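If you read the sequence shown in this note's numbering, its first letter stands for residue 44, the second for the next number, and so on. The beta carbon of each residue, even a glycine, is placed where N, CA and C say it ideally should be. If you're wondering where the values come from, they're calculated on a predicted model, not measured in any experiment.
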Amino acid sequence: MGMEKTDVQATVESFMEEVKGSLETGENVYLRGFGSFIVKTRAEKTGRNISKNTTIKIPAHNIPAFKPAKVFVEGVKTKVKVK
């Protein structure tokens, strides 16, 4: 692309820091034609501690997630061969 490797690396790392910062404040990041970095909320649920044979309550929490755009998914489906 005509750019130094260090410049590209700094640009990508800066972009990812911005995405991370946005998600930490609860804002989703949308990239048209590529996908969305979103915050998903997981509901409270019951889990098992197998070593102690007890049930534990896992509290509700938020997690970062990526949802690819339909155009991106279709491109991968049509252009990447199944192994």
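Range covered by the beta strand (DSSP E) that runs through residue i
i	result
T68	Unbroken run through T68: none, as it is neither H nor E.
K124	From DSSP, K124 is part of no beta strand (DSSP E); its letter is neither H nor E.
CB of residue i within 7 Å of CB of residue j, strictly
i	j	result
G118	I101	no
F80	V62	yes
A112	G64	no
Simplified DSSP state of residue i, which is helix, strand or coil
i	result
G77	It is worth fixing the name first, because residue 77 is Phe in this sequence and not Gly. Residue state, collapsed to three classes: coil.
V82	strand
K63	helix
K95	coil
Alpha-carbon to alpha-carbon, residue j and residue i
i	j	result
I99	K88	9 Å
A103	K83	11 Å
T49	E60	16 Å
N- and C-terminal bounds of the alpha helix (DSSP H) containing residue i
i	result
G90	Looking at the DSSP string, G90 is not in any alpha helix (DSSP H); the run it does join, the beta strand (DSSP E), is 88-92.
Residue(s) in a DSSP beta bridge with residue i
i	result
A108	I81
Residue i at chain D interface by Cβ criterion, 7 Å
i	result
Q52	Protein chains in the displayed structure number just one, and chain D is not present.
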